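In this note's numbering, the protein residues as written are 139 to 419.
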């Protein structure tokens, strides 16, 4: 029996699982990303990860979730200025990894937030219009229409399904609905740039920062939800762990619009499931 290999390729860590064709993913294993290595060393590292996941099994398909910029059709990283995977810029990964002994019956590359959305929305009702937002270093997003990834602008979806570049206040949403957005609020309101993790403590002094972030979420997401006629909003990423601090205003908005909210903070778990779902669809 052949096993599919599923990888969530992040900037600081890579998580992977093997999946018997047609079956559920096995245990998830975490590896260091080493995303700052030179090209040859990084390709060797990726090939060793794949060999470790496959073990003694024959490899079927290989599916990887990568952050952008990335040519997902051809499997070519296009990242620059992000301090991760820059040495792989322009490298066709299937060819480069096959040269290192990794053979597969097929290669699939997905945006990491798209894979997350497929995994996180797998249990939603068959008919749904879901906006998925990962709150972390930026505001990653994907839109699902009845369980399928959708980027159709006629459906009220921004270009590529990405909300991060939408105009908001003095710049774009990504500058506000993110780690750096929260740090900026903290700096202006508390005179110190605290991280979301540092702010996620039961201290009354921090409440105004979270309230302001919650209002940015409402003002930033409301027009997107309206244009898309969303039935569901899925929130992931590490910042979503602090939902109890900032979620009241957004929860009230979604309740008034009849939108169901789902919290799915375990991003990698859903990315792995989403890759499996994509291969089986």
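A virtual CB, placed ideally from N, CA and C, is assigned to each residue, including glycine.
From a predicted model like this one, the values you see are computed outputs, not experimental measurements.
- Considered as a whole, the segment 260–311 harbours 267–273 and 277–283 as its complete beta strand (DSSP E) runs of no fewer than 3 residues, in chain order.
- DSSP places residue 394 in the helix class (H, G or I) of the three-state scheme.
- Taking the Cα of residue 275 as reference, the smallest distance to any Cα among 236, 200, 285 and 302 is reached at 302.
- 244 is the residue among 244, 323 and 277 whose C-alpha sits nearest the C-alpha of residue 416.
- Taking all protein chains in view, the Cβ of residue 364 is surrounded by fewer than 16 other Cβ atoms within 10 Å, so the residue is classified as exposed.
- Contact annotation: residue 402 and residue 356 have beta-carbon atoms that are not nearer than 8 Å.
- For residue 372, the secondary structure class from DSSP, reduced to helix, strand or coil, is strand.
- The DSSP-derived three-state label of residue 146 is strand.
- With distances taken between CA atoms, residue 379 lies nearest to 339 out of 368, 191 and 339.
- Contiguous beta strand (DSSP E) elements confined to the segment 150–180 occur at 151–158 and 167–170, taking only those with 3 or more residues.
- Per the DSSP secondary-structure output, residue 140 pairs in a beta bridge with 196.
- As summarised for the segment 182–252, the continuous alpha helix (DSSP H) elements at least 4 residues long and confined to that stretch are 231–236, given in chain order.
- The Cβ atoms of residue 370 and residue 410 lie no closer than 8 Å to each other.
- With contacts defined as CB atoms closer than 8 Å, residue 360 and residue 166 fail to qualify as a contacting pair.
- Going by C-alpha positions, residue 214 is about 38 Å away from residue 384.
- Residue state for residue 415 is assigned as helix, using DSSP reduced to three classes.
- If you draw a straight line from the Cα of residue 342 to the Cα of residue 306, it comes to about 28 Å.
- Contact between residue 288 and residue 270 fails: their C-beta atoms lie close to 11 Å from each other, not under 8 Å.
- Setting aside the 5 residues that flank it on each side, residue 299 is surrounded in the same chain by 252, 279, 280, 281, 287, 288 and 289, each with a C-beta closer than 8 Å to its C-beta; the list follows chain order.
- Residues 334 and 351 of the same chain have their beta carbon placed closer than 6 Å to that of residue 320, with the five preceding and five following residues left out of the count.
- Per DSSP, reduced to three states, the secondary structure at residue 401 is strand.
- Of the candidates 327, 261 and 227, 227 places its Cα closest to the Cα of residue 174.
- Taking the C-beta atoms as reference points, residue 203 is found no nearer than 8 Å to residue 231.
- Between residue 201 and residue 142, the CB-CB gap stays under 8 Å.
- Looking from the CA of residue 391, the closest CA among 304, 327, 353 and 292 belongs to 353.
- Each of 206, 225 and 261 was checked against the Cα of residue 250, and the nearest Cα belongs to 206.
- Spanning the alpha carbons of residue 292 and residue 349 requires a straight line of approximately 33 Å.
- For residue 324, the uninterrupted alpha helix (DSSP H) segment begins and ends at 317–328.
- DSSP, read as helix, strand or coil, puts residue 358 in helix.
- 346 is the residue among 312, 310 and 346 whose C-alpha sits nearest the C-alpha of residue 324.
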